[in-house]
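Notes follow the structure.
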Amino acid sequence: MLTLPPFIAHRGASADAPENSLEAFRKAAELGASWVEFDVMLTADGVPVVHHDDNLRRIAGVDRDMAETDFAELQEVNATLATAIPSLEETLAVLGKAGLLANVEIKPTPGRATETARRTIDTLRGHWGHDTPPLLSSFDWQALAVAADVMPEWPRGVLIDFRDTPDADWRRAADRLGAFSLHLDQRSATPALVDEAKALGLRVLTYTVNDPDRARALWNMEVDSVFTDHVTAIGEAAKSSE
Ligand code: G3P
Ligand code: MG
23 MLTLPPFIAH RGASADAPEN SLEAFRKAAE LGASWVEFDV MLTADGVPVV HHDDNLRRIA
83 GVDRDMAETD FAELQEVNAT LATAIPSLEE TLAVLGKAGL LANVEIKPTP GRATETARRT
143 IDTLRGHWGH DTPPLLSSFD WQALAVAADV MPEWPRGVLI DFRDTPDADW RRAADRLGAF
203 SLHLDQRSAT PALVDEAKAL GLRVLTYTVN DPDRARALWN MEVDSVFTDH VTAIGEAAKS
263 SE
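The following block contains the structure:
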């Protein structure tokens with residue numbers, strides 16, 4: 023099905039450009055990444071945009087939630103910034119031009135998982151410029167259930183943070199969702215866990231890996247792909263590990 027690259031630029035080349043920005047995606051391609059990961063959430067009026075936090079404070083310096091900001095209001099905020107928070111549609115245009123594939127992480131507003139997944143997939147269907155499908159992932163497994171329902175042929179990755187939800191049943195979720203992959207915090211990746219996931223037929227991806235030695239250790243465990251902010255360093259490590 024999908025061939026994963028050894029590393030994926032996390033939120034674009036986020037050590038070299040503002041995270042989740044068009045510049046970070048262009049930079050990722052320029053530095054040799056073939057895939058990027060980014061986060062998608064909805065504005066108050068339901069437009070999928072590429073942003074990580076619920077609140078705009080850290081990225082835009084404005085203390086308000088994305089879930090309470092209309093897309094037009096977001097454009098007013100963007101006009102004050104050196105680097106804009108892009109829509110998903112704008113992002114996909116850049117990915118298409120740069121030839122970048124993607125892991126699209128769905129980050130639903132609480133209570134709007136179904137809508138976030140549906141609108142994200144609708145936009146992807148209209149503007150995804152590749153034959154290879156996007157890899158969808160989410161910590162919110164309800165969003166992945168919607169993805170399985172409306173776009174069953176696109177691969178799904180079960181995201182889990184064992185530090186927040188140590189008892190969550192990822193095996194059952196992966197089975198029920200027909201998952202392609204398991205995405206976990208690299209600090210939780212042990213050889214036993216990776217082996218178990220792989221024996222279940224899952225690819226394994228780990229975030230966020232900025233240390234080349236740790237990346238090599240994970241590849242040696244047969245982790246398929248690592249998410250990194252540092253595309254150059256991890257790209258060089260990947261080349262020397264080939
Ligand atoms: O998708 C992998 C990783 O991005 C998950 O964590 O918080 O960086 O979105 P976060
Ligand atoms: Mg993410």
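Our numbering puts the first residue of the sequence shown at 23, with every later residue one more than the last.
C-beta: ideal position from N, C-alpha, C; glycine also.
Judged by the Cβ position, Glu-264 fails to qualify as a neighbour of the ligand MG at the 7 Å threshold, every heavy atom of the ligand being at least this far. Taking a cut-off of 8 Å on C-beta distances, the region 68 to 77 touches the region 29 to 45, as three or more cross pairs fall below it. The region 93 to 106 makes no contact with the region 47 to 59: fewer than 3 CB pairs, one atom from each, lie closer than 8 Å. When the beta-carbon positions are compared, Pro-155 and Pro-177 come within less than 8 Å of each other. Here Thr-228 is bridged, per DSSP, to Leu-206 and Val-248. Relative to the ligand MG, the beta carbon of His-74 is positioned inside 7 Å of a heavy atom. The region 238 to 255 makes contact with the region 211 to 225; the number of CB pairs closer than 8 Å reaches 3 or more. For Glu-112, the shortest C-beta to heavy atom distance toward the ligand MG is 7 Å or greater. For Glu-41, the distance from the CB to the nearest heavy atom of the ligand MG is not below 7 Å. In this structure, the ligand MG has no non-hydrogen atom nearer than 7 Å to the beta-carbon of Asp-233. In the DSSP assignment, Trp-57 falls outside any alpha helix (DSSP H) and lies within the beta strand (DSSP E) extending over 57 to 64.
Around the C-beta of Leu-222, fewer than 16 other C-beta atoms lie within 10 Å, and the residue is accordingly described as exposed. In this structure, Glu-52 is the residue among Asp-162, Leu-146, Glu-52 and Leu-181 with its C-alpha nearest to the C-alpha of Ala-120. Looking at the backbone, the Cα of Gln-164 and that of Leu-181 are separated by about 12 Å.
Boundaries of the beta strand (DSSP E) around Asn-125: 123 to 128. One thing to note: Phe-161 has its Cβ no nearer than 8 Å to the Cβ of Leu-117. Within the same chain, Lys-49 come within 6 Å of Asp-38 by CB-CB distance, once the 5 residues on both sides are set aside. The closest CA to that of Ala-106, considering only Ile-81, Pro-130 and Ala-89, is found on Ile-81. C-alpha of Gly-83 to C-alpha of Thr-228: approximately 30 Å in a straight line.
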